[in-house]
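Number of protein chains: 2
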Amino acid sequence: MDFNYQVVSGGVTAPKGFQAAGIHCGLKKEKLDLAVIYSAVPAAGAGVFTVNKVKAAPILVTMEHLAQGQARAVVVNSGNANACTGEKGLADARQMARATAQALGISETEVMVASTGVIGVPIKIDLVEQGIKEAVKSLSTAGGASAAEAIMTTDTFKKELAISLELGGRVVTIGAMAKGSGMIHPNMATMLGFITTDAAIEEKALLAALREANDRSFNMITVDGDTSTNDMVGIMANGEAGNNRITQDHPDFGRFQAALSHIAVELAKLVAKDGEGATKLVEVQVKNARTVADARKAALTVAKSSLVKTAIFGEDANWGRILCAVGYSGAEFDPNRVDIALGDEMMAINGAGLAFNEENAKHILGQKQVIIHIDLKDGEAEATAWGCDLSYDYVKINGSYRT
Amino acid sequence: MDFNYQVVSGGVTAPKGFQAAGIHCGLKKEKLDLAVIYSAVPAAGAGVFTVNKVKAAPILVTMEHLAQGQARAVVVNSGNANACTGEKGLADARQMARATAQALGISETEVMVASTGVIGVPIKIDLVEQGIKEAVKSLSTAGGASAAEAIMTTDTFKKELAISLELGGRVVTIGAMAKGSGMIHPNMATMLGFITTDAAIEEKALLAALREANDRSFNMITVDGDTSTNDMVGIMANGEAGNNRITQDHPDFGRFQAALSHIAVELAKLVAKDGEGATKLVEVQVKNARTVADARKAALTVAKSSLVKTAIFGEDANWGRILCAVGYSGAEFDPNRVDIALGDEMMAINGAGLAFNEENAKHILGQKQVIIHIDLKDGEAEATAWGCDLSYDYVKINGSYRT
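The listed protein sequences correspond, in order, to chains A and B. Using our numbering, the first residue of the first sequence is number -12, and each one after it goes up by one. Using our numbering, the first residue of the second sequence is number -12, and each one after it goes up by one.
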């Protein structure tokens, strides 16, 4: 779906009625490590969560809170994931929600809680509680950038974006921030995304829109294939734009959905690009699959393959590894129909290799962004996945921190 | 099941009535690159094959041939995988079977064909044909070692083993050779295993025993999670030991099965140990799972996790990554019951971390073999998987060959 939008500054505080703050509470040595986002008025809330059976305490608490479809604040710390921390961890996550609610004068169940950092170590809840008070005092409509900074772990740059579009004669703004799947510190984990919007939208429609956006974006990126215990994407919609309240049947729903998907995809690409040790962003486009599920499986499996990723790092045009990965992706397709291209250089037609231009292939693989095209010629569905190459630095970052 | 066995020399030529040869036909520059194994008398044959939808031509031909349960010869080349090679590839694989059958004076359908090496490049079939003639002339009862050498690609050592045991008052021998999932050359792939035995065993029982052995061994190892287009394990049983023919109901079936599983597991461990860039063999033992399928999923997913593998390379006791991988393995379990140990050092009980002895953990991770124990405390099933660590050399081998 096409829509006209405008990129605006301010991240999660770009939409009307939102404030945010990022502060240092002491979980990390010096860097910002605690963020709060707050809507001045009640807001609809929705979230999507890791499918890992081992869910961190804050995930469990937030899932419980969002069951009612309302959220007015987000509290998130970096430096400790509060995962695999037993009963104490659960009590600590609840305490984070309670402290935030008290400081803001809202209900505890209106607070989303998230954590990212070391797994299996109890969180220093007293530091977090003091930090929450300080963060709430620091809330401002210019606080988006510091909030985005406070959720970083091994990210090499902060990730935020905001766009405005017209919906029903009103200007609606969507702001977002995310952190990547960096795991540089032992046991670090997690992809987190937080989205704010001043759109008026019914709760069910908000959740439906978030799920679809997530399936096209954060669920289509991979750094190393490890699904974290702490992944979540949360959204708050406070209606301050004054548009007619959007439902799933509303003519504006499609445009809102498209805008949300757009911002989610852009952030997801930044996360993939900033994957640990990454030197290149890899985009895998699958087309003419039997179903969207088949297209997504194929695209994501190729993006995840260690052999494809190392070949791209080494700038080696190993198209056979690409076809091989499609083959074990679980997607339904006919191996004798598949065409594969790297950028504009065709590598294989109908499942068999071509004599290709090595020089052009090398040039394509030398770019900062590499696009892999896979045409299954077996249907009409398509999907795109994003990943990064697998470099020496990935091994260094994840293997040798303590040694 | 317990059984007494004796390790004997000779690899695939240890069982009575088998000859083999490994020669250089020219697909590689200097190294041996073509092997033939031959049974002097007709033999039952069975195979298990890659589940990749993209199957190399020799796999397709061998699947067709083994449909009748008979096999008397194996021909296998290294240096070219004959995968993604279209119609010509299929004709070439058939030609390999035909040339072998003609040279040996047996039926074409009694020949198993396998290839390993570069994907997507047509095989030089004239070199292979000449090589087959030479190999057949060189067949000998001492040829097991050269055959094992001829199927190596990036393997750093050849993998063969033979054992003898008493079955029904006769000495039965099982011999085997394998090559690992080395992919050092662009597009190299493949795990291959070939097993010979002089046991008399009915075809269906042979296939059943092979499948079970394979599920416990080659299907439980992982180097990088990429399932190749060329993987296969083939077995020939020629009855020369003179034992009463084993069927699935026969009292000896269980012991034959256990012996076959034993030899397959030992070879599989050698393959995992020799994974590209590996510095350590990692064994993941899962116990008290609800079902064997759950135990296998959990064990294999942990062995495959890039984050676990890099942590072990870096000798970092990141048990959280282990629990995280169990969590996304798809296995059914209760996260609040899981115990995790590295060697004899407990890391987590009931899903929550312990204060563990860092020094002992470091000592354990410093060994050449690291055992991860995962107790799901949720049933009675168990499984073991093997893998290796993820080192700089894996990236180097797979990324920078051409550059």
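Every residue gets a Cβ at the ideal spot worked out from N, C-alpha and C, and that includes glycine.
Cross-chain neighbours of residue i in chain A, by beta carbon under 8 Å
{"i": "T72(B)", "result": "A339 and G340"}
{"i": "S133(B)", "result": "Under the 8 Å cutoff, chain A gives no residues; its nearest Cβ is about 28 Å from S133(B)."}
Under 7 Å by beta carbon: chain B residues contacting residue i
{"i": "P322(A)", "result": "K40 and V41"}
{"i": "S378(A)", "result": "V382"}
{"i": "G314(A)", "result": "N39, K40, V41 and T216"}
{"i": "L363(A)", "result": "Correct list: empty, because the minimum Cβ distance to chain B is about 11 Å."}
Reference residue i; option with closest CA among the options
{"i": "V475(A)", "options": "A70(A), V279(A), G229(A) and K145(A)", "result": "In this structure chain A extends from -12 to 390, so residue 475(A) is not present and cannot be described."}
{"i": "F205(A)", "options": "E302(A), L247(A), V48(A) and R157(A)", "result": "L247(A)"}
{"i": "N337(A)", "options": "K296(B), V382(B), V41(B) and A186(B)", "result": "V41(B)"}
{"i": "T0(B)", "options": "M50(B), N(-9)(B), L179(B) and E227(B)", "result": "E227(B)"}
{"i": "V38(B)", "options": "M333(A), Y379(A) and A318(A)", "result": "A318(A)"}
{"i": "G92(A)", "options": "Q55(A), I112(A) and I119(A)", "result": "I119(A)"}
{"i": "A22(A)", "options": "V28(A), K16(A), Q6(A) and P29(A)", "result": "Q6(A)"}
{"i": "A245(A)", "options": "I359(A), R203(A) and V108(A)", "result": "R203(A)"}
{"i": "C375(B)", "options": "G167(B), A200(B), N344(B) and N323(B)", "result": "G167(B)"}
{"i": "I138(A)", "options": "M178(A), V48(A) and T49(A)", "result": "M178(A)"}
{"i": "A43(B)", "options": "L310(A), D303(A), K16(A) and A342(A)", "result": "L310(A)"}
Own chain, CB closer than 8 Å to residue i, minus 5 neighbours either side, in chain order
{"i": "I110(A)", "result": "L14, N64, N67, N69, T72, G76, D79 and S102"}
{"i": "G366(A)", "result": "N275, A276, R277, T278 and D281"}
{"i": "E189(B)", "result": "A31, R232, I233, T234 and Q235"}
{"i": "L126(A)", "result": "Q6, A7, A8, V23 and Y25"}
{"i": "K383(A)", "result": "G264"}
Alpha-carbon to alpha-carbon, residue j and residue i
{"i": "A312(A)", "j": "N230(B)", "result": "44 Å"}
{"i": "G34(B)", "j": "L268(B)", "result": "27 Å"}
{"i": "A276(B)", "j": "A282(B)", "result": "5 Å"}
{"i": "A251(B)", "j": "S94(B)", "result": "28 Å"}
{"i": "E346(B)", "j": "G353(B)", "result": "11 Å"}
{"i": "I182(A)", "j": "Y(-8)(A)", "result": "17 Å"}
{"i": "L287(B)", "j": "A192(B)", "result": "27 Å"}
{"i": "V62(A)", "j": "T87(A)", "result": "7 Å"}
{"i": "V443(B)", "j": "E369(B)", "result": "The first residue shown for chain B is -12 and the last is 390, placing residue 443(B) beyond what the model contains."}
{"i": "E332(B)", "j": "A348(B)", "result": "6 Å"}
{"i": "L294(A)", "j": "G301(A)", "result": "11 Å"}
{"i": "F320(B)", "j": "G241(A)", "result": "39 Å"}
{"i": "V108(A)", "j": "K284(A)", "result": "35 Å"}
{"i": "M83(B)", "j": "D113(B)", "result": "10 Å"}
{"i": "D362(A)", "j": "L257(A)", "result": "25 Å"}
{"i": "D213(B)", "j": "L329(B)", "result": "26 Å"}
{"i": "V273(A)", "j": "G314(A)", "result": "13 Å"}
{"i": "A27(A)", "j": "L154(A)", "result": "22 Å"}
{"i": "H249(A)", "j": "H360(A)", "result": "21 Å"}
Proximal residues of chain B, C-beta to C-beta of residue i below 8 Å
{"i": "A335(A)", "result": "C71 and G107"}
Listed by chain order, chain A residues near residue i by CB distance under 9 Å
{"i": "C311(B)", "result": "N39, V41, A70, C71, I106, N174, A176, D213, T214, S215 and T216"}
Neighbourhood of residue i by C-beta distance below 7 Å, restricted to the same chain and skipping five residues each side
{"i": "R157(B)", "result": "A228, G229 and N230"}
{"i": "R198(B)", "result": "V35"}
{"i": "T297(A)", "result": "L377"}
{"i": "L19(A)", "result": "G9, I10, H11, S133, E136 and A137"}
Chain B residues whose Cβ lies nearer than 9 Å to that of residue i
{"i": "W306(A)", "result": "C71, I106, G107 and N174"}
Sequence-distant residues of its chain with Cβ nearer than 6 Å to residue i (five each side left out)
{"i": "T306(B)", "result": "According to the sequence displayed, residue 306(B) carries Trp and not Thr. The answer, listed in chain order, is I327, M334 and A335."}
{"i": "D380(B)", "result": "G264"}
{"i": "A372(A)", "result": "M207, V271, A286, L287 and A290"}
{"i": "G32(B)", "result": "L53, Q57, A58 and M223"}
{"i": "K135(B)", "result": "Residue 135(B) is actually Ala in this sequence, not Lys. Result list for A135(B): G(-2), K145, E147 and M164, in chain order."}
{"i": "S151(B)", "result": "Q(-7), V(-5), V158 and T160"}
{"i": "T184(A)", "result": "P2, I161 and A224"}
Residue i beta carbon near the ligand ADP (any heavy atom closer than 6 Å)
{"i": "N337(B)", "result": "The ligand ADP is not among the ligands present in this structure, which contains no ligands whatsoever."}
Entirely within the segment 126 to 175 of chain A and at least 3 residues each: give me those beta strand (DSSP E) ranges in chain order.
146 to 154 and 157 to 166
Can you check the segment 206 to 270 of chain B for any beta strand (DSSP E) of at least 3 residues that lies completely inside it and give the ranges in chain order?
219 to 224
Run through the segment 36 to 82 of chain A for me and flag every whole alpha helix (DSSP H) of 4 or more residues, listed as ranges in chain order.
44 to 53
Which runs of the beta strand (DSSP E), 3 residues or longer, sit entirely within the segment -5 to 42 of chain A?
5 to 10, 21 to 26 and 31 to 36
Any alpha helix (DSSP H) of 4 or more consecutive residues that is wholly inside the segment 284 to 358 of chain B
293 to 300, 306 to 314 and 345 to 352
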